[in-house]
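Q:
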Ligand SMILES: N[C@@H](CCC(=O)N[C@@H](CS)C(=O)NCC(=O)O)C(=O)O
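Numbering (our numbering), first residue to last: -16 to 210.
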């Protein structure tokens, strides 16, 4: 197997968390044109969506979409599991992942778009309304988030893979980039979660990889777009 991915994107991060937790050591390949406009070339034959991640099996079959890949890995390599056995806990894992994908990620999209253009062209009305939408989506997650150091229950699950990288962007990356206060102080349960999840070695590893990728990308950005 191999994983087409980048360290900058939160979606492959979710898959890496599962791979690391299960001890599955596979090569990572960075396709062209994911975080720039250089063109995606033959990668579109591997994944017609042109997005990361894609899991490629040894027989050449390919699978896009982070959640689908995580479920496949869980089915193929069930131990150690990142999917709780209890149906209610399992539903909570899926709920947190869905709230991230359907609400938080969608709210972040205008911010990702703004980050790719010169800050002289930023429309702060649009940025502030996107940040308000991000806060609203975090309120939904605040309602359901676990209080034992993990998104659900007291061990690492697929919900942490979905949430932790997105939370880093919402609590740290976006406020710093757009010079706005972090929503963290208004979200006590999520704030406690954010502090606690970094104590898990696997979660900490993927969070650090994301910090490193952001800081490497920052070095490449023209001065007028830098944080
Ligand atoms: N729903 C997809 C989202 C994947 C996604 O949007 N990946 C971004 C990386 S941040 C991407 O590859 N963007 C490239 C592009 O849109 O051209 C998943 O969960 O895998």
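Positions of the beta carbon are idealized from the N, C-alpha and C atoms, including for glycine.
#1: Examine ligand 1 and report whether any of its heavy atoms sits within less than 7 Å of the Cβ of residue 34.
#2: I think residue 94 touches residue 170, with their Cβ atoms under 8 Å apart; what is that distance to the nearest whole Å?
#3: DSSP on residue 192, reduced to helix/strand/coil?
#4: Rounded to the nearest angstrom, how far is the Cβ of residue 124 from that of residue 87, given a contact under 8 Å?
#5: What I want to know is whether the C-beta of residue 13 ends up closer than 7 Å to one or more non-hydrogen atoms of ligand 1.
#6: Counting Cβ pairs, one atom from each stretch, are 3 or more of them under 8 Å apart for the region 98 to 105 and the region 135 to 148?
#7: Starting from residue 38 and walking both ways along the beta strand (DSSP E), at which residues does that stretch end?
#8: Just to confirm, are residue 51 and residue 135 a CB contact at a threshold of 8 Å?
#9: Taking 8 Å as the threshold (C-beta atoms), are residue 27 and residue 38 in contact?
A: In this structure, then:
#1: At least one heavy atom of ligand 1 lies closer than 7 Å to the C-beta of residue 34.
#2: Approximately 17 Å separates the beta-carbon atoms of residue 94 and residue 170; this is outside 8 Å, ruling out the contact.
#3: In this structure, residue 192 counts as helix in the three-state DSSP scheme.
#4: Their Cβ separation, rounded to whole angstroms, is 7 Å, which keeps residue 124 and residue 87 in contact under 8 Å.
#5: Relative to the non-hydrogen atoms of ligand 1, the Cβ of residue 13 never comes closer than 7 Å to any of them.
#6: Output reads no: the region 135 to 148 does not touch the region 98 to 105.
#7: It spans 37 to 39 - the beta strand (DSSP E) in which residue 38 sits, taken as one unbroken run.
#8: No, they are not a contact pair.
#9: With respect to residue 27, residue 38 sits apart: the two C-beta atoms are not nearer than 8 Å.
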